[in-house]
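Visitor: With the sequence shown counted from 1, adding 757 to any position gets you our numbering.
Cβ coordinates follow ideal geometry from the N, Cα and C atoms, glycine included.
Here it is, the structure, as structure tokens.
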Amino acid sequence: MIKGNRQARAELEGLRELNARIDALIMDKEKLAARATSLARPFSEPVSGTRQSDIANAAAKLADMDAEIDRTIDEYSGRKKRILIRINAITDIRYRTLLFLYYANTVPLRLHQVARIMHYQYSTIKYMHGCALDEYQQKYFPP
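Have a look at this one:
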């Protein structure tokens, strides 16, 4: 196993981080939407000026968050497509499966979960993960 797989790891980890960022943005948006909904009152109750501006600010932030989520999803989709093409070009199916499950899966998995899915021991998956990164590195980031 070659220890010089930093570029491969960075590229693949970037995809996982982008996926986590999308999830965090969606959670933040849901919290803000709940807050904005709690600010609203029935039509029969008078609305103060500050409450109106709070609602307007929340609506503007929600629109901005929607745009940011869309941009991030577009970036994620482009990266994921490119990385999946690269992963699928790896010859060893075990490495392909491992890299897909760990890095490109929509629901992020930990290595012990990948080991369970692939029916390997955790120590074996850890070793194979390093080998898979080495192969990815050699194929796409030659010295």
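Ala-777 and Leu-890 - do their beta-carbons sit closer together than 9 angstroms?
Guide: no
Visitor: Please state the DSSP three-state secondary structure of Leu-772.
Guide: helix
Visitor: In chain order, what residues of the same chain have a beta carbon less than 7 angstroms from the beta carbon of Arg-873, not counting five sequence neighbours either side?
Guide: none
Visitor: Would DSSP call Met-758 helix, strand or coil?
Guide: Confidence is the limiting factor: at Met-758 the pLDDT is only 48, short of 50, which leaves the residue's position unreliable, though a coordinate-based value still follows. Here Met-758 sits in coil by DSSP.
Visitor: Mind checking Val-871: buried by the 16 CB within 10 Å criterion, or exposed?
Guide: buried
Visitor: Taking the alpha-carbon positions, what's the Arg-828 to His-886 distance?
Guide: 31 angstroms
Visitor: Where do the N-terminal and C-terminal ends of the alpha helix (DSSP H) with Arg-853 fall, by residue?
Guide: 850 to 856
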